[in-house]
Amino acid sequence: METQISQVALLALLVVGAITGVYVFFQNAPEAVFSECESISVSYVIRGVLPTWLNGRNDKMGTVQGLWQCASQYREHHAAFVLSSFCIVYIALQTFAIPGPIVLSILSGAMYPFMQAQILVAFCATTGASLCFMLSYFLGRGVFNKVLAGMIGRFKEKIAHNQGNLFYYLLFLRITPLLPNWFVNIACPLVGVPFKYFFLATLIGLVPANFLHISTGATLNGAAGASGGSNAVSFAVLFLLQFVALLPTLFKGKIEKYEKEAFEKSKKTNWQFSKSAASWRDMTQPRKHMDSSVWKQWPHSFVTTPEGIKIHYVDVGPRDGPPIVMLHGWPDLWFGWRYQIQALSPTYRLIIPDVRGFGQSSTPQELEAYGTKNITNDVVALLDALKIERAVVLGHDWGGNASWRMALYHPDRVLAVCGVCTPFVPPRKQYMSLEDLCKYLPQFKYQQFLADAKNSGGSTALHELLKVVNTDVDHVIFKERTEMLSEDELQYYIDQYTQSKFTSANWVYATKMIDFETEKDLPGTIEHPALFIGAADDPVLKPEMAKEMPKVIPNLQMELVEDAGHWVLFEQPEAVNAILSEWLAKVTSP
24 METQISQVAL
34 LALLVVGAIT
44 GVYVFFQNAP
54 EAVFSECESI
64 SVSYVIRGVL
74 PTWLNGRNDK
84 MGTVQGLWQC
94 ASQYREHHAA
104 FVLSSFCIVY
114 IALQTFAIPG
124 PIVLSILSGA
134 MYPFMQAQIL
144 VAFCATTGAS
154 LCFMLSYFLG
164 RGVFNKVLAG
174 MIGRFKEKIA
184 HNQGNLFYYL
194 LFLRITPLLP
204 NWFVNIACPL
214 VGVPFKYFFL
224 ATLIGLVPAN
234 FLHISTGATL
244 NGAAGASGGS
254 NAVSFAVLFL
264 LQFVALLPTL
274 FKGKIEKYEK
284 EAFEKSKKTN
294 WQFSKSAASW
304 RDMTQPRKHM
314 DSSVWKQWPH
324 SFVTTPEGIK
334 IHYVDVGPRD
344 GPPIVMLHGW
354 PDLWFGWRYQ
364 IQALSPTYRL
374 IIPDVRGFGQ
384 SSTPQELEAY
394 GTKNITNDVV
404 ALLDALKIER
414 AVVLGHDWGG
424 NASWRMALYH
434 PDRVLAVCGV
444 CTPFVPPRKQ
454 YMSLEDLCKY
464 LPQFKYQQFL
474 ADAKNSGGST
484 ALHELLKVVN
494 TDVDHVIFKE
504 RTEMLSEDEL
514 QYYIDQYTQS
524 KFTSANWVYA
534 TKMIDFETEK
544 DLPGTIEHPA
554 LFIGAADDPV
564 LKPEMAKEMP
574 KVIPNLQMEL
584 VEDAGHWVLF
594 EQPEAVNAIL
604 SEWLAKVTSP
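With the sequence shown counted from 1, adding 23 to any position gets you our numbering.
Encoded structure:
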């Protein structure tokens, strides 16, 4: 809260400082000492210009021409000051999301040649929008997420569903009137839009509107300096330009309808999911966190594998209950399953390890140690130590990949298998590098970052991943608390991450060649009872990536959780728990 108050105070200070600076700048403006300006004053405008326009008098153009001649002389004699004034005011309005840039765009068309005006407006608009982006990112996150919560939530959902063509979607927003530009400037950094896409979409997307505004200004300039028939032509052109400018607004309803239909179509996955689990949590209400006394009482144990790897795990539930192994992803710990542990532990024996390299488990230094086969071998060693013959294996994110591979490497130790968010991909017969994969699936570029050894340590890699994953976990683990984590949960993550320092983060995603060599001869199908749980708003592991799974897993059940992103385990725990409870009851029944 203190951080948020400080950010708001600093933002307010910047606004006041900017207003003061502009005021001082104009207070020191050169005086207009030209003959054309001798009769121009505030009283002249009030007593002369306004009445002629309001009363429809014939000399209205004369008064406007007088003003325009004065302005033209001033611009000619003080060109640098006028240009500086234009840029300062335009950029300031854009930076602080204040209405008015359209008027300045029109004014530029009257003051400068067409191409010069285009370049000038493009520079000012893009610079101001970029500064607004930065201010929102660094100082406005807390206040805007509260004040504009509803709009940002809907915008976030649409951004998530357009990750594959994000630049073109932003371009579409700039050209159409679906969202005001000030909102796009403020909201983009809050929903994880990369700055390069934002910048380019702003630079290019505002060109059509700028063209119309500048053309309008040029026409007005011609009208102010002309008379008679020329005025009639100028106003006809002006009318045409304004009509063209209004076309997007006139068809706004149809554009919104088209966008909504396309958006809903992209969300529909009836061809792959048996049903959709509705949002079990009222998203308008504050999140209810688990009482820390619940998870703090769960017993922790360690086992050492034949390779000498120490595995930390939590073992909860009746000893005679059906055994369930739960594998976490990155960046996470056993702790990521806490809501499922609470719901399922009365019936099932739950074994939840920290996978090697994470939490309190060993962190080998060799890259080969992190191959998926070794991860599955750790699960087998854990089952052997606990004298468990077969278990249901669940996995989320990277742990989901390990759970599917567990069914291939050790099919006799698996009773049933489930992947949350992560679809099953059969072993490839030909190697595909991480770089090639990212060409087809750009949302996996974060893996390239993590696969680079220089990005392995500390919180940097974590922050980079969370920017890509784009949920309200963004920047949470090493910064202030959001509603997704309670203070106790946040502190637990901080303690564990600080101890482990994420030294193995890059190895998790740098083992593609190792995995390819070890699994290329494995079968490409899974015969076990299987469950896939997709998260409708996951921008990385999109539900549609699972569309081929029924072809290679005959006994597959597919479920979709709405209103949930990548962290579905604790974004929508009630929905996930209900799906798991129903499915586990079937696959563990005698």
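Heads up, the beta-carbon is just placed ideally off N, CA and C, and yes, glycines get one too.
Since we're looking at a predicted model, the values are computed, not measured.
_Please identify the residue among Pro341, Ser238 and Arg436 whose C-alpha is closest to the C-alpha of Gly132._
By one-based count along the sequence shown, residue 132 stands at place 109. Closest by alpha carbon: Ser238.
*asked:* Assuming the contact rule is C-beta atoms closer than 8 Å, Trp321 and Val348 should be a hit. Round their C-beta distance to whole Å, please.
replied: For the purposes of this step, residue 321 is identified with residue 298 of the sequence shown, where counting begins at 1. For the purposes of this step, residue 348 is identified with residue 325 of the sequence shown, where counting begins at 1. Actually they do not touch by this definition, with Cβ atoms about 15 Å apart.
_From Arg436, Trp360 and Pro387, residue whose alpha carbon lies closest to that of Lys410_ = Walking along the sequence shown from the start, residue 410 turns up at place 387. The shortest C-alpha separation from Lys410 is found at Arg436.
*Starting from Gly352, follow the beta strand (DSSP E) in both directions and report where the run begins and ends.*
For the purposes of this step, residue 352 is taken as residue 329 along the sequence shown, with counting starting at 1. That residue, Gly352, is in no beta strand (DSSP E); it is neither H nor E in DSSP.
*Taking DSSP as the reference, what is the three-state secondary structure of Arg436?*
For the purposes of this step, residue 436 is taken as residue 413 along the sequence shown, with counting starting at 1. Helix at Arg436.
*asked:* Quick check on this structure: which residue in Leu406, Asp407, Ala408 and Val402 has the alpha carbon closest to the alpha carbon of Ser426?
replied: By 1-based counting over the sequence shown, the position of residue 426 is 403. It is Val402 whose Cα lies nearest to the Cα of Ser426.
*Rounded distance between the beta-carbons of Pro450 and Glu542, thought under 8 Å*: One-based indexing of the sequence shown puts residue 542 at position 519. One-based indexing of the sequence shown puts residue 450 at position 427. Indeed they touch by this definition, with Cβ atoms about 4 Å apart.
*Kindly indicate which three-state DSSP category Pro346 falls into: helix, strand or coil?*
As a first step, residue 346 must be located in the sequence shown, where it is residue number 323. Looking at Pro346 - three-state DSSP - the assignment turns out to be strand.
*Grouping DSSP H, G and I as helix and E and B as strand, with all else coil, what is Pro376?*
Counting from one through the sequence shown, the residue named residue 376 turns up at place 353. Residue state, collapsed to three classes: strand.
*Cβ-Cβ distance between Pro546 and Leu390 below 8 Å*: Counting from 1 along the sequence shown, the entry for residue 546 is found at position 523. Counting from 1 along the sequence shown, the entry for residue 390 is found at position 367. No; because the gap between Cβ atoms is not below 8 Å, this pair is not in contact.
*With 16 as the cutoff for other CB atoms within 10 Å, does His323 come out buried or exposed?*
As a working mapping, residue 323 is identified with position 300 in the sequence shown. Counting Cβ neighbours within 10 Å, His323 comes out exposed, since fewer than 16 surround it.
*Is the CB-CB distance between Val443 and Val591 below 8 Å?*
Taking the sequence shown and counting its residues from 1, the one referred to as residue 443 is at position 420. Taking the sequence shown and counting its residues from 1, the one referred to as residue 591 is at position 568. Yes, these two residues count as a Cβ contact at 8 Å.
*Can you give the beta carbon distance from Gly344 to Arg372, rounded, assuming they're within the 8 Å contact cut?*
Reading the sequence shown from its first residue, position 321 is the one you call residue 344. Reading the sequence shown from its first residue, position 349 is the one you call residue 372. Sure, about 4 Å apart at Cβ, within 8 Å.
*asked:* Does the region 557-571 come into contact with the region 330-339, if we say contact requires no fewer than three beta-carbon pairs (one atom in each stretch) closer than 8 Å?
replied: no
*From the DSSP output, in three-state form, read off His100 for me.*
What you label residue 100 is simply residue 77 of the sequence shown in a count that begins at 1. Note: His100 maps to helix in three-state DSSP.
*Report the three-state DSSP secondary structure of Glu510 (helix, strand or coil).*
The residue given as residue 510 occupies position 487 in the sequence shown. Looking at Glu510 - three-state DSSP - the assignment turns out to be helix.
_Do Ala115 and Val45 count as a contact pair if the criterion is CB distance below 8 Å?_
As a position in the sequence shown, residue 45 is number 22, starting the count at 1. As a position in the sequence shown, residue 115 is number 92, starting the count at 1. Yes, the Cβ-Cβ distance between Val45 and Ala115 is below 8 Å.
*What is the DSSP secondary structure of Lys468, counted as helix, strand or coil?*
Taking the sequence shown and counting its residues from 1, one reaches residue 468 at position 445. The predicted position of Lys468 is uncertain, since its pLDDT is 44 and thus under 50; a value taken from the coordinates is nonetheless stated next. Helix.
*Apply the 10 Å Cβ neighbour rule to Thr149 and answer buried if 16 or more other Cβ atoms are within range, or exposed otherwise.*
For the purposes of this step, residue 149 is taken as residue 126 along the sequence shown, with counting starting at 1. By the 10 Å Cβ count, Thr149 comes out buried.
*Select from Arg197, Lys219 and Phe218 the residue whose C-alpha is nearest the C-alpha of Asn233.*
Stepping through the sequence shown from its first residue, residue 233 is reached at position 210. If we check each option's Cα against that of Asn233, Arg197 comes out closest.
*Which residues in the same chain as Arg98 place their Cβ atom closer than 7 Å to its Cβ, once the five residues preceding and following it in sequence are excluded?*
Numbered from 1 along the sequence shown, position 75 holds the residue referred to as residue 98. For Arg98, where only same-chain residues beyond five positions count, the Cβ hits under 7 Å are Val105 and Met134.
*Note the first and the last residue of the continuous beta strand (DSSP E) segment covering Met581.*
On the sequence shown, position 558 is the one that residue 581 refers to. Where Met581 is concerned, the enclosing beta strand (DSSP E) stretches over Leu579 to Val584.
*Taking the CB atoms as reference points, tell me whether Thr448 and His551 lie closer together than 8 Å.*
Translated into positions along the sequence shown, residue 448 becomes position 425. Translated into positions along the sequence shown, residue 551 becomes position 528. According to the sequence displayed, residue 448 carries Val and not Thr. Taking 8 Å as the Cβ cut-off, Val448 and His551 do not qualify as a contacting pair.
*Can you tell me the Cα-Cα spacing of Ile175 and Ala210, whole angstroms?*
Within the sequence shown, the letter at position 152 stands for residue 175. Within the sequence shown, the letter at position 187 stands for residue 210. One C-alpha to the other measures close to 6 Å.
_In the DSSP assignment, the alpha helix (DSSP H) including Leu603 goes from what residue to what residue?_
For the purposes of this step, residue 603 is taken as residue 580 along the sequence shown, with counting starting at 1. Pro596 to Val610 is the span of the alpha helix (DSSP H), which, as asked, contains Leu603.
*Exposed or buried, what is His100 when buried is set at 16 or more other beta-carbons lying within 10 Å of its beta-carbon?*
Here residue 100 is taken as the residue at index 77 of the sequence shown, counted from 1. Answer is exposed; the Cβ neighbour count stays below 16.
_On the criterion of 16 or more Cβ atoms from any shown chain inside 10 Å, does Thr548 qualify as buried, or is it exposed?_
Taking the sequence shown and counting its residues from 1, one reaches residue 548 at position 525. It counts as exposed.
*Own chain partners of Thr395 with C-beta closer than 6 Å, once the 5 adjacent residues on each side are dropped*: The sequence position of residue 395 within the sequence shown is 372, counting from 1. The residues are Ala425, Arg428 and Asp538.
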